[in-house]
Amino acid sequence: MDQEINDLHDLLLDPIFPDLDIKLRSGWHCDEEEIEAFDFITKTQDKIEMFYELYGFELLYATEGYYYLRPVSSKIKVRTLGMEAMIISQFLALMKMDPQYLESTGFFDLQELMDKIELTLGKKQVSQLFLKRKKYKEAISEQDALNFQLSVKKALRELARYGFISINPDFTKIYPRKPIFRFMDPIRNMDNPRAALESIVRGENPFESNDESEEDDD
Amino acid sequence: MESIERAPSVPEVVKKIYQSGFKLNISRLDAAYLMGIHTYLEIQQNFILTPSELERIFAIVNDISSGMVESLPQRFNHAINRLLKNQLLIRVDGGGLGQMPQFDVSALGKSIIGHLSHHETLNRQNLTIIAAKIVSTLSDIRRSLDSSGSDHFWEESVRLPLKHVVAELITAIEKRQKGLDLEQDEVRNKISRLLDKDWLEALVACEELLETTSTTLQELYQTLLSENSAIKQGLNEISDAADQSSQPRVLAVIDGIYLRLDQLEQWGKERVGSWSQYYRRVNDFLQSIVRFDPNREMSQRLVEQIQHYPKSPWFLNLLEPPVYRTLKETHFPGNKKKVTRVLSCHADIEEEDDDGNLVLDLMIEEIKQRLASSQSVDLVEIIRPFLKEHSLSRVYPHIGTLIDLVLKEINQHPSRSSSWEKPLEDLEFELQNLIADLK
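These protein sequences, in sequence, are chains A and B.
Taking our numbering, the leading residue of the first sequence gets 1, the next gets one more, and so forth.
Taking our numbering, the leading residue of the second sequence gets 219, the next gets one more, and so forth.
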């Protein structure tokens with residue numbers, strides 16, 4: 001960003017904006033590791049908010065330090081993240097919270113992730129969720145293991161596209177980024193996770209408290 | 219014939235060592251004393267120790283181990299005797315006959331020092347001391363360059379000190395690098411353990427540990443850069459003089475030292491870089507996870523959420539990527555070389571053309587005249603004048619008819635040329651000729 005952004009006209013003419021706009025409209029999450037984009041949004045936040053308001057989007061800044069667009073009108077199309085991606089992202093959030101990974105580079109590999117999923121959910125649920133089996137069978141064939149792996153890889157690619165994680169081509173370095181904490185929204189500062197879940201499903205802002213008592217305190 | 223010596227068997231070696239009565243019993247105090255002696259030798263670049271030097275070193279050991287000052291001489295004597303008995307220290311004064319005792323560390327002592335040194339870390343103090351010693355050695359060499367000249371001088375007064383003194387001192391820094399690497403790993407491990415054990419209580423301790431290590435590393439790196447620069451400056455002058463005096467052996471040693479100094483700088487840069495990444499990661503962890511979840515309830519809740527997910531799934535809504543419809547660029551084909559050819563459908567049309575039939579009639583007439591006068595029939599020769607006057611599209615469709623006519627009339631096998639001939643040079647048209655010699 002070479003020039004100062006004073007109004008929407010300046011914003012639209014800035015060479016950084018077109019790429020950023022396409023990515024944000026594609027559901028991308030921008031954290032501090034995207035140095036140029038993050039810096040641009042931070043400096044021009046009010047203009048960007050104004051711009052997206054016209055389209056029925058809301059630019060949100062999460063407390064962990066990342067931006068993303070949330071649709072607030074029905075004229076914008078939304079899509080639902082697949083079940084496999086939902087489960088995997090929650091696991092990645094859990095692993096990111098584990099101090100044991102601090103000692104190393106902060107990366108996980110595919111096998112570590114798959115082991116963790118299998119250990120926590122058990123083979124039966126893995127079979128139902130990832131292999132789409134209604135009937136559980138004890139023996140797991142090589143093909144089943146391969147299908148499980150393919151399913152996890154597909155979900156990881158999807159999460160990487162939205163900026164939740166970074167991955168390398170052979171999945172030996174999976175790095176959950178800050179936006180992965182979006183999957184913790186239902187349990188964030190909530191006494192009632194169910195209510196939080198319902199609010200997320202309704203598409204409400206998870207960082208906005210609806211508690212009247214808090215408003216009174218303010 | 220030369221006899222091949224047989225390697226001793228395990229029982230033989232075991233028996234030999236057991237019967238020799240060798241035993242090693244080294245206390246914490248003796249190990250510390252040995253390391254003190256080693257460091258003193260390294261700093262002084264000395265290989266022989268006098269009793270007074272040994273006593274001065276022992277005074278430090280005595281002080282640290284809280285030994286009584288009054289009994290220092292006795293304790294010193296006992297310590298020296300123990301080191302000698304354990305063969306960690308040896309006398310190098312020829313048994314001490316009529317001379318002041320002189321000592322050096324034995325091979326066994328050096329092995330133990332090597333083991334203990336592995337854990338010695340590089341810090342600003344020892345780096346400054348070692349670098350100062352290198353700079354001082356280089357200064358001595360530079361001063362002596364005034365009297366330079368003979369090859370013997372370059373070997374004895376320049377190459378050997380560079381190779382053995384300077385290079386050894388750099389080795390001392392490199393050894394400590396490994397120690398620092400190990401120490402950093404330990405700090406990382408400690409931070410993880412602290413967080414795992416105390417979580418929020420560990421926050422302050424971790425932040426302090428991070429800060430201290432970062433400051434130490436930054437200071438060390440800066441010291442490394444400035445000391446390296448001073449050393450390189452000294453080396454430059456020696457290198458110039460060696461170059462002028464054509465001393466390739468000296469230049470080779472200097473090159474080796476340059477390389478190691480560069481590696482040292484690179485190591486420092488990498489360590490600072492890798493630590494700063496780690497620092498950022500841990501800081502993020504402390505700020506966004508530990509502070510955010512002081513009671514460490516979130517992880518447990520998250521595990522529960524995952525376990526209950528199949529029964530009560532929820533999904534995150536994300537923006538559907540928009541489809542941008544773009545106009546496709548039109549690419550026109552480049553100018554291709556035009557090749558004249560006749561499409562069969564067009565040929566049929568041409569046959570009906572009056573002009574085309576006239577050309578055919580003329581060509582048939584020409585052939586018939588040739589046949590009547592028993593001249594040879596050369597297809598290319600016949601069509602060439604027509605091609606000059608008419609377009610190829612008027613002539614080409616009739617070639618087959620002409621060939622049929624010739625074959626029918628001559629009652630013999632005509633000769634065919636294997637090569638392709640061009641009836642006209644400026645026309646992209648070739649055919650295999652047919653010649654019938656009727657003479």
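Ideal Cβ positions, reconstructed from N, Cα and C, are used throughout, including at glycine.
The model shown is predicted, which means the values in this text are computed figures rather than measured ones.
- Item | Sufficient close CB pairs (3 or more, under 8 Å) joining the region 642-652 of chain B to the region 609-627 of chain B | yes
- Task: Along the beta strand (DSSP E) that carries D322 (chain B), what are the first and last residues, could you check?
- Result: On the second sequence, residue 322 (chain B) is found 104 positions in, with the first residue counted as 1. Start and end: 321-323.
- Closer than 8 Å at the beta carbon, the chain A residues around Y527 (chain B): The residue labelled residue 527 (chain B) in the question sits at position 309 within the second sequence. Correct list: M86, I87, Q90.
- State the start and end residues of the unbroken beta strand (DSSP E) segment that holds L59 (chain A). For this step, residue 59 (chain A) is matched to residue 59 along the first sequence. Looking at the DSSP string, the run of the beta strand (DSSP E) that includes L59 (chain A) is 57-62.
- Item | Ordered list of alpha helix (DSSP H) runs contained in the region 45-112 of chain A, each at least 4 residues | 83-96
- Message: Let me check understanding here. Comparing Cα to Cα, which of B:P528, B:K606, B:I359 lies closest to G122 (chain A)?
- Response: As a working mapping, residue 122 (chain A) is identified with position 122 in the first sequence. Per the Cα distances, B:P528.
- Put L206 (chain B) into one of helix, strand or coil per three-state DSSP. Summary: the structure shown does not reach residue 206 (chain B), with chain B confined to residues 219 through 657, and so no result is reported for it.
- Spell out whether any CB of chain E is found under 8 Å from the CB atom of Q523 (chain B). Of the protein chains in the structure, A and B, none is chain E.
- Message: Can you pull the chain A neighbours of D414 (chain B), defined as C-beta to C-beta under 9 Å?
- Response: As a working note, residue 414 (chain B) is residue 196 in the second sequence. Under the 9 Å cutoff, chain A gives D98, P99, Q100.
- Buried versus exposed, by CB contacts within 10 Å (16 or more), E260 (chain B): Position 42 of the second sequence, counting from 1, holds the residue named residue 260 (chain B). Result: buried.
- At what residues does the beta strand (DSSP E) containing R514 (chain B) begin and finish? As a working mapping, residue 514 (chain B) is identified with position 296 in the second sequence. Run containing R514 (chain B): none; DSSP gives neither H nor E here.
- Query: Going along the chain, which residues of its own chain have a beta-carbon closer than 8 Å to the beta-carbon of L11 (chain A), five neighbours each way excluded?
  - Reply: Reading the first sequence from its first residue, position 11 is the one you call residue 11 (chain A). Once the five neighbours on either side are set aside, the close Cβ partners of L11 (chain A) are I5, F17, T44, K47, I48, F51.
- Could you check if R70 (chain A) is buried or exposed, using at least 16 other CB atoms within 10 Å of its CB as the buried criterion? Mapped onto the first sequence, residue 70 (chain A) falls at position 70. By the 10 Å Cβ count, R70 (chain A) comes out buried.
- Within the region 248-287 of chain B, ranges of the beta strand (DSSP E) (whole runs, at least 3 residues): none
- Endpoints, beta strand (DSSP E) assigned at A654 (chain B): In the second sequence, counting from the first residue as 1, residue 654 (chain B) sits at position 436. Looking at the DSSP string, the run of the beta strand (DSSP E) that includes A654 (chain B) is 649-654.
- Query: Among the residues of its own chain, which have a CB less than 7 Å from the CB of I180 (chain A), if the five just before and after it don't count?
  - Reply: Taking the first residue of the first sequence as 1, we reach residue 180 (chain A) at position 180. Excluding positions up to five away in sequence, the list reads S89, L92, A93, K96, F164, I165.
- Task: Would you check if the distance between the CB atom of I174 (chain A) and the CB atom of L113 (chain A) is smaller than 8 Å?
- Result: Counted from its first residue, the first sequence places residue 174 (chain A) at position 174. Counted from its first residue, the first sequence places residue 113 (chain A) at position 113. For I174 (chain A) and L113 (chain A), yes; Cβs fall inside 8 Å.
- Message: Quick check on W493 (chain B): buried or exposed, where buried means 16 or more other Cβ atoms within 10 Å of its Cβ?
- Response: To locate residue 493 (chain B), count along the second sequence from 1; it is residue 275. By the neighbour-count rule (16 or more Cβ atoms within 10 Å), W493 (chain B) is buried.
- Message: For E64 (chain A), would you say it is in contact with chain B, using Cβ-to-Cβ distances shorter than 8 Å as the test?
- Response: Along the first sequence, one-based indexing puts residue 64 (chain A) at 64. Chain B, which has a Cβ nearer than 8 Å to the Cβ of E64 (chain A), makes this yes.
- Task: Please check the pair I621 (chain B) and L652 (chain B), which I expect to be a contact at CB under 8 Å, by giving their CB distance rounded to whole angstroms.
- Result: One-based indexing of the second sequence puts residue 621 (chain B) at position 403. One-based indexing of the second sequence puts residue 652 (chain B) at position 434. At roughly 6 Å, the Cβ-Cβ gap stays under 8 Å, so I621 (chain B) and L652 (chain B) are in contact.
- Counting contacts by CB-CB distance shorter than 8 Å, is V384 (chain B) in contact with chain A? Indexing the second sequence from 1 puts residue 384 (chain B) at position 166. So, not an interface residue.
- For D596 (chain B), name the three-state secondary structure that DSSP assigns. In the second sequence, the residue the question calls residue 596 (chain B) occupies position 378. In this structure, D596 (chain B) counts as strand in the three-state DSSP scheme.
- Euclidean distance between Cα positions of V405 (chain B) and T433 (chain B): Position 187 of the second sequence, counted from the start, is the residue given in the question as residue 405 (chain B). Position 215 of the second sequence, counted from the start, is the residue given in the question as residue 433 (chain B). Roughly 14 Å between the two C-alpha positions.
- Task: Spell out whether any CB of chain A is found under 8 Å from the CB atom of V422 (chain B).
- Result: As a first step, residue 422 (chain B) must be located in the second sequence, where it is residue number 204. No - not a single Cβ of chain A is within 8 Å of the one on V422 (chain B).
- Task: Would you check if the distance between the CB atom of L520 (chain B) and the CB atom of R182 (chain A) is smaller than 8 Å?
- Result: On the second sequence, residue 520 (chain B) is found 302 positions in, with the first residue counted as 1. On the first sequence, residue 182 (chain A) is found 182 positions in, with the first residue counted as 1. No, they are not a contact pair.
- Message: Looking at the secondary structure, which residues open and close the beta strand (DSSP E) in which L536 (chain B) lies?
- Response: Position 318 of the second sequence, counting from 1, holds the residue named residue 536 (chain B). Counting along the chain, the beta strand (DSSP E) containing L536 (chain B) begins and ends at 535-537.
- Message: Just checking: is the beta-carbon of L520 (chain B) within a distance shorter than 8 Å of some beta-carbon in chain A?
- Response: Your numbering for residue 520 (chain B) matches position 302 in the second sequence. Answer yes: the Cβ-Cβ gap between L520 (chain B) and chain A drops below 8 Å somewhere.
- Item | P528 (chain B), DSSP secondary structure in three states | As a first step, residue 528 (chain B) must be located in the second sequence, where it is residue number 310. Residue state, collapsed to three classes: coil.
- Item | Same chain, Cβ closer than 8 Å to K606 (chain B), five either side skipped, listed in chain order | Start at 1 with the first residue of the second sequence, and residue 606 (chain B) comes out as number 388. Here the set comprises L642.
- Specify, as a first and last residue, the run of the alpha helix (DSSP H) that S151 (chain A) falls within. For the purposes of this step, residue 151 (chain A) is taken as residue 151 along the first sequence, with counting starting at 1. It spans 142-161 - the alpha helix (DSSP H) in which S151 (chain A) sits, taken as one unbroken run.
- Closer than 7 Å at the beta carbon, the chain B residues around M83 (chain A): Here the question's residue 83 (chain A) lines up with position 83 in the first sequence. Neighbours of M83 (chain A) on chain B, chain order: P531.
- Message: Using DSSP's beta-bridge definition, name the partner residues of P176 (chain A).
- Response: As a first step, residue 176 (chain A) is located in the first sequence; it is residue number 176 there, counting from the start. DSSP output for P176 (chain A) lists A:I165 as bridge partner(s).
- Query: Can you tell which of B:F371, B:A250, B:Q525, B:L504 has the C-alpha that lies nearest to the C-alpha of D416 (chain B)?
  - Reply: The residue given as residue 416 (chain B) occupies position 198 in the second sequence. That would be B:L504, whose Cα lies nearest to the Cα of D416 (chain B).
- Message: Would A183 (chain B) and I348 (chain B) be called neighbours here (beta carbons separated by less than 8 Å)?
- Response: Nothing about residue 183 (chain B) can be reported from this structure: the residues present for chain B run from 219 to 657 only.
- Message: Cutting at 6 Å between CB atoms, please list the residues of its own chain near L345 (chain B), excluding the five before and the five after it.
- Response: Stepping through the second sequence from its first residue, residue 345 (chain B) is reached at position 127. Here the set comprises T441.
- Is the region 442-461 of chain B touching the region 347-367 of chain B in the sense that three or more CB pairs, one from each, lie closer than 8 Å? yes
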